[in-house]
Structure formats: structure tokens, C-alpha cells
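Notes follow the structure.
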Amino acid sequence: MNKRQNLLDEIKKNMPGRRWNHTIGVMHVAEELADIYGADKEAAFIAALFHDCAKHQNHDKLINEAIRYGMKLNDDMIHCPDLIHGPLGAIIANVDYGINDKEILSAIKNHTTGKVGMNLLDQIIFVADFIEPGRELFNIEYYRKLAYSNISMAVLEILNNTIKYLIDSKKYIGSDTLLCRNYFLLICCDKMARGADK
Ligand code: DGI
Ligand code: FE
Ligand code: FE
-16 MNKRQNLLDE
-6 IKKNMPGRRW
4 NHTIGVMHVA
14 EELADIYGAD
24 KEAAFIAALF
34 HDCAKHQNHD
44 KLINEAIRYG
54 MKLNDDMIHC
64 PDLIHGPLGA
74 IIANVDYGIN
84 DKEILSAIKN
94 HTTGKVGMNL
104 LDQIIFVADF
114 IEPGRELFNI
124 EYYRKLAYSN
134 ISMAVLEILN
144 NTIKYLIDSK
154 KYIGSDTLLC
164 RNYFLLICCD
174 KMARGADK
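In this text, residue positions in the sequence shown follow my numbering: the first is -16, and each later residue adds one.
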């Protein structure tokens, strides 16, 4: 059996079916986007495969796992344990599965909040996670279309959507989410961000 199949089997074994279906969707979309934008397809596949490998619904389990792997929890992670699974997933991919490509680990680590200066692979995983075929969100076709025509604009619009959702549901917003949104606003529409006239 080849290495790729071994990894697939290993990750599948440790995931509930629903999350595995989501992971397959993210892998498929990430490979497609890598093709379109000229990124490394194999790296996109591996990053997508691992991106949610640390996602446990139970916050206590997540925190305990993070501590067990020696991960440092920042304030945002303590206020919002949902933000732990990306960084923890990158550590697990590295420690348990020997993934040591820095770009793959970065894409896994930052897939929930994004980060300032995200590179192409980071953006592909971030966007693929949001638009994979299993996601049913209001106006999802708008984000899907954008993803295939302007990936940075797709990142910006997804972050705008997420921040609106977090405000509407009175949830804590992590600093990376806000900083990343402003970073892509400046990249995508500099004039608009400065409030400049047309
Ligand atoms: O793990 P997935 O469900 O596939 O997707 P994800 O890793 O992007 O996580 C999505 C959730 O993360 C979604 O409910 C919004 C939430 N999220 C993203 N940024 C923030 C956040 N939640 C809080 N509280 N604060 C954030 O800054
Ligand atoms: Fe996730
Ligand atoms: Fe995901």
C-alpha cells in the first residue's frame, strides 16, 4: 500500500464519518484550487487531510490534548477553545505523522482564523474548508465562484462573513481573525479600506 493510502486510512480511522466526509470534500477542493492557482497539489492534499485531525467537539478533551502535546495556549484559545484544533492539528501532524513541511504545517495551523501574510497554500486550505461541497451556508455559491476566480478576495469575504456571524451570535472574536481580515482588506481593496473617494 502506498504512503498516501496509509495516511488516508490512519486519519479516517480517528474521525467520525461526518468529519471524514468534510475532510474528503476539503481535499478535493484544495487539489482543484492548487491546480488553478499553481500551488503544490500534494501539499494541498496533505494539509487538507490533516486540517481537522485535532477537532474534538469536547473542549475539555481539546485543552487536555493541547497540554499533553506541550502546546502553549494563548488568551484567544482559552476564551475560545474552538481555536485550538488548527494549531494542535499541526503539532499532531508533525509529531505523530512526521509531516515536517513548514508550509503544510502552517496551512493546518491557521485554517480556522487565518493569519496576517497567509501564503497561497494557507489561503487554499482556508477557502477549501469553507466552500467544500458538504457545507450548506446561506449564499455559499457566491463564495464558491469567488474562490475559483480570486482566492484572496474569497479569503476576505469569508472572514467578513465569519466576523458578522460571530458578532450576531455574540461570540468572542480572536485577534488573528480580525488582523487577517484587515490585512486582506488592504490587499484586495486598498482604496476602500482607506475610505478614499472613487
Ligand atoms: O473545523 P471546521 O468546522 O471545519 O471549520 P473551522 O476550523 O473554520 O472552524 C469554524 C468555526 O470556527 C466557525 O464556527 C467559526 C469559528 N471561528 C473562526 N474564527 C473564530 C471563530 N470562533 C470564535 N469564537 N472566534 C473566532 O475568531
Ligand atoms: Fe477546522
Ligand atoms: Fe474543516
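We put the beta carbon where it would ideally sit given N, CA and C, even for glycine.
*asked:* Are there any heavy atoms of ligand 3 lying less than 7 Å away from the beta-carbon of SER105, as far as the coordinates show?
replied: One point to set straight first is that residue 105 is Asp, not Ser, in the sequence displayed. For ligand 3, not one heavy atom lies less than 7 Å from the Cβ of ASP105.
*Where CYS36 falls, given that 16 or more other Cβ within 10 Å makes a residue buried*: When all chains shown are included, CYS36 counts as buried.
*What do you reckon, are the CB atoms on ILE107 and ALA13 nearer than 8 Å?*
Less than 8 Å separates the beta-carbon of ILE107 from that of ALA13.
*Between HIS195 and ligand 3, is the CB less than 7 Å from at least one heavy atom?*
Because residue 195 is not part of the residues shown, which for the chain are -16 to 181, the question remains open.
*Exposure label - LYS181; buried when at least 16 CB within 10 Å*: Unreliable positioning characterises LYS181 in this predicted model, as indicated by a pLDDT of 45, which lies under 50. A coordinate reading is not provided.
*Residue nearest to LEU94 in terms of C-alpha spacing, selected from PRO70, ALA76 and ASN83*: Looking at the sequence shown, residue 94 is not Leu but His. Looking from the CA of HIS94, the closest CA among PRO70, ALA76 and ASN83 belongs to PRO70.
*Taking just the CA atoms, how far does ASP173 sit from LYS(-5)?*
Cα to Cα, LYS(-5) sits roughly 42 Å from ASP173.
*Under the three-state DSSP convention, the category LYS181 falls into*: Here the model assigns LYS181 a pLDDT of 45, short of 50, so the residue's position is not dependable, and the following value carries that caveat. Taken through DSSP and simplified to helix, strand or coil, LYS181 comes out as coil.
*Taking Cβ positions, are LEU104 and ALA31 nearer each other than 8 Å?*
Cβ distance not < 8 Å, so LEU104 and ALA31 don't count as in contact.
*Taking the runs of the alpha helix (DSSP H) that are 4 residues or longer, which of them lie wholly in the stretch 39 to 110?*
Listed in chain order, the complete alpha helix (DSSP H) runs (minimum 4 residues) inside the stretch 39 to 110 are 42 to 51, 58 to 62, 68 to 80 and 85 to 92.
_Let me confirm a value: GLU25 is counted as buried when at least 16 other C-beta atoms fall within 10 Å, else exposed. Which label applies?_
Per the 10 Å Cβ criterion, exposed.
_Chain-ordered list of residues that sit, by beta carbon, closer than 7 Å to a heavy atom of ligand 5_ = For ligand 5, the structure offers nothing, since it holds only ligand 1, ligand 2 and ligand 3.
*Using alpha carbons as the reference points, say which of LEU162, HIS11 and GLY0 lies closest to MET101.*
Per the Cα distances, LEU162.
*Taking the alpha-carbon positions, what's the HIS11 to GLU115 distance?*
Rounded to the nearest angstrom, the two C-alpha atoms are 8 Å apart.
*Identify, in the order they occur along the chain, each residue of the same chain with its Cβ nearer than 8 Å to the Cβ of LEU34, setting aside the five sequence neighbours on each side.*
Checking the sequence shown, residue 34 turns out to be His, not Leu. Contacts found: THR6, VAL9, GLY69, GLY72, ALA90, ILE91, HIS94, ILE108 and ASP112.
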